[in-house]
């Protein structure tokens, strides 16, 4: 595996923007930074037989972004660093040993998001020995009575506190405001009917016909109809094509078609999450940009938390999210409207892209926190993790072509104009009642009239749910998720219920229980040496046949200094054949349907 210095050398080359050079001015003091990171490459939705897990390439992308912020905020600066980035150290933050009391790390609950968060934090705070945070006992906790020093495992691995937020957690709405928003979901039903969508779909029909012929029949995704490969599912199609372009050289898709698919995906995401003309409750409520509206409020809240504590908390906050907050914010802040930044922000963000909001002051002393009128905010963006891509500054809210810095009060005023200030605002806009009642049992959505306020850094976005309501919510959500999973399996995966195989129907389990015997009730199990053991309980005999254990593992050799730092492992795609009756070979599960929206 590449060393940290090697990874930094690859990732940070070319990060020498005018703005970044300005950040190295010794008179600047960085007090807080709020960072929003797009997940790295993961298994796409259309990939049959695999969960949407983070790939090794995706982990490298996240690790490299963490390394970039380490070089900017934490590392000791030297002449070599001056060629690739500038140092903008955060005042008082732990440089080597992680202090979780200074950080906020948020993630949604998807497995690729949480895994990416861990990879990112490994780059930000890599393993280190003989360095211990005072917040966890410092050196005293590492010293034993006999005088020996004990380091953390894995060469001093550091353990970040990552807060994963499900839909039942009120804090989740600031990371994924579109999820659970009823009016947003209703607007998505109208998305295919938009005149611009219909026009774009027609113009792209030839492209998608070609992609269907080139890519999808070869992969034989079960249940995926031709009608699903079109502009309405542009992002899902591009995501699948890009994944196979990266990992399978037999797909036949060329660079030009892939670039056009990317353009279509960017346009689709703007229609779905950056359309500022759609509304739900009242004109101008920007329902399709709800993910960005909740995000901007959390950004302001995190920076305000640093101000409230005179710089002692919220020094660095990192949130790991999907595309929706990115696309929405680009529209709300006019980044995709401004002529100087339009080309960058009309594009689809690459995996691992990040937005950075820095709170800083110029002049004064690090020992004295500045007054509010002395504080400024700078917006930075890095599109992907390519070694030539810089972390650049951009103007927000059409404030001028080179005005990368805003005074703090002006920044807050602009963000407040487009943001949703409280959970109640979100509940009213989204027409949501069930979740909102669970977050605030005495709130307006449960007929009490109280007004829940925006969560602060102090409670980390968490609110207790009363046990009775939690039980009801859990039951409803479980039934809904189960029903949707079965429906999705039937519509998309081609799953159908049918008669069992004749051999299965006529078989008997026999044994001491006769007809009542379950498959798990094994009487006797063979040990490795053939010795027999008396049955003492079926639960003890799980895996007696070693089902599910990994076998024939192919060792992965060191691939050398590849750019992405990932290796390629081939997989056996052969499967044993089986006899099926008439029901088992039914083609009813192969009707074309639209793919699940993100």
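Numbering (mature numbering (1 follows the signal peptide of the UniProt record, and there is no 0)), first residue to last: -20 to -1, 1 to 578. The beta-carbon is built from N, C-alpha and C at its ideal position, and this holds for glycine as well. Only a predicted model underlies this, so the values are computations on that prediction, with no experimental measurement involved.
- Near residue 444, which residues of its chain fall below 8 Å by C-beta distance, leaving aside the five closest residues on each side in sequence? Per-residue confidence for residue 444 stands at a pLDDT of 40, beneath the threshold of 50, marking its modelled position as unreliable; no derived number is given.
- Item | N-terminal and C-terminal residue of the alpha helix (DSSP H) that residue 356 is part of | Residue 356 -> not in any alpha helix (DSSP H); beta strand (DSSP E) instead, spanning 355 to 362.
- Message: For the structure I just gave you, are there three or more beta carbon pairs, one from the segment 333 to 341 and one from the segment 214 to 222, closer than 8 Å?
- Response: no
- Contact check, residue 268 vs residue 255, beta carbons under 8 Å: yes
- Curious, which full-length alpha helix (DSSP H) runs of at least 4 residues does the segment 88 to 134 contain? If we require 4 residues or more, the alpha helix (DSSP H) runs fully inside the segment 88 to 134 come out as 91 to 104 and 118 to 122.
- Look at the alpha carbon of residue 166 and the alpha carbon of residue 286, and state the distance between them as a whole number of angstroms. Residue 166 and residue 286 have their C-alpha atoms some 37 Å from each other.
- Nearest CA to the CA of residue 81: which residue from 66, 140 and 182? Residue nearest to residue 81 within the set 66, 140 and 182 is 140 (criterion: CA-CA distance).
- Task: Note down, one range per segment and in chain order, each beta strand (DSSP E) of at least 3 residues found wholly within the segment 6 to 34.
- Result: Fully enclosed beta strand (DSSP E) runs of 3 or longer: 8 to 18.
- Message: For chain D, check one thing: does any of its Cβ atoms lie closer than 8 Å to the Cβ of residue 79?
- Response: Although the question refers to chain D, the structure presented lacks it and comprises just one protein chain.
- What does residue 73 pair with, by DSSP beta-bridge criteria? For residue 73, which the question treats as bridged, DSSP gives no partner whatsoever.
- Are residue 216 and residue 25 close, meaning C-beta to C-beta below 8 Å? Residue 25 sits close to residue 216, with the two beta carbons spaced by under 8 Å.
- Message: Please report the distance separating the alpha-carbon of residue 337 from that of residue 194.
- Response: Near 42 Å, if we compare the C-alpha coordinates of residue 194 and residue 337.
- When we look at the beta-carbon of residue 127 and count the other beta-carbons within 10 Å, is it buried (16 or more) or exposed? exposed
- With DSSP as the reference, label residue 143 as helix, strand or coil. strand
- Task: Hey, could you find the ends of the beta strand (DSSP E) residue 338 is sitting in?
- Result: 334 to 342
- Query: According to the neighbour-count rule (16 or more other Cβ atoms, all chains shown, within 10 Å of its Cβ), is residue 20 buried or exposed?
  - Reply: Residue 20 should be labelled buried.
- Query: In or out: residue 178 buried (at least 16 other Cβ within 10 Å) or exposed?
  - Reply: exposed
- Exposed or buried, what is residue 290 when buried is set at 16 or more other beta-carbons lying within 10 Å of its beta-carbon? exposed
- Message: What residue range does the beta strand (DSSP E) around residue 297 cover?
- Response: 296 to 301
- Could you tell me the distance, in whole angstroms, from the CA atom of residue 587 to the CA atom of residue 349? The chain is shown from -20 up to 578; residue 587 falls before or after that span and cannot be answered.
- With a threshold of 7 Å, establish whether the CB of residue 384 neighbours any heavy atom of the ligand ATP. With respect to the ligand ATP, the structure offers nothing, as it holds no ligand at all.
- Query: Where does residue 265 land, buried or exposed, given buried means 16+ other C-beta within 10 angstroms?
  - Reply: buried
- Query: Around the C-beta of residue 379, are 16 or more other C-beta atoms found within 10 angstroms, so that it is buried, or is it exposed?
  - Reply: buried
- Item | For residue 79, the nearest candidate out of 68, 54, 99 and 96 (CA to CA) | 54
- If you draw a straight line from the alpha carbon of residue 190 to that of residue 14, how long is it in whole angstroms? Computed Cα separation, rounded: 42 Å.
- Is it the case that the Cβ atoms of residue 89 and residue 412 are separated by a distance below 8 Å? no
- C-beta atoms of residue 119 and residue 112 nearer than 8 Å: A contact, by the Cβ cut-off of 8 Å.
- Query: Is the number of C-beta pairs between the segment 28 to 48 and the segment 91 to 101 that are closer than 8 Å three or more?
  - Reply: yes
- For residue 326 and residue 316, believed in contact at Cβ under 8 Å, the rounded distance: 5 Å
- Task: For residue 208, count neighbouring Cβ atoms within 10 angstroms of its own Cβ and tell me buried if that reaches 16, exposed if not.
- Result: buried
- Message: Quick check: what's the CA-CA separation for residue 9 versus residue 346?
- Response: 7 Å
- Query: For residue 83, which of helix, strand or coil comes out of DSSP?
  - Reply: strand
- Message: I need the boundaries of the alpha helix (DSSP H) containing residue 398, first residue and last residue.
- Response: 388 to 398
- Message: Just to confirm the assignment, what range does the alpha helix (DSSP H) spanning residue 175 have?
- Response: 175 to 183
- Item | Classification of residue 512 by the beta-carbon crowding that lies within 10 angstroms, buried from 16 upward | Note that residue 512 scores 41 on pLDDT, short of 50, meaning its location in the model is unreliable and no value can be drawn from it.
- Could you pull out every residue in the same chain whose Cβ sits closer than 7 Å to the Cβ of residue 580, ignoring the five residues on either side in sequence? What the structure shows of the chain is the stretch from -20 to 578, and residue 580 is not part of that stretch, so it cannot be assessed.
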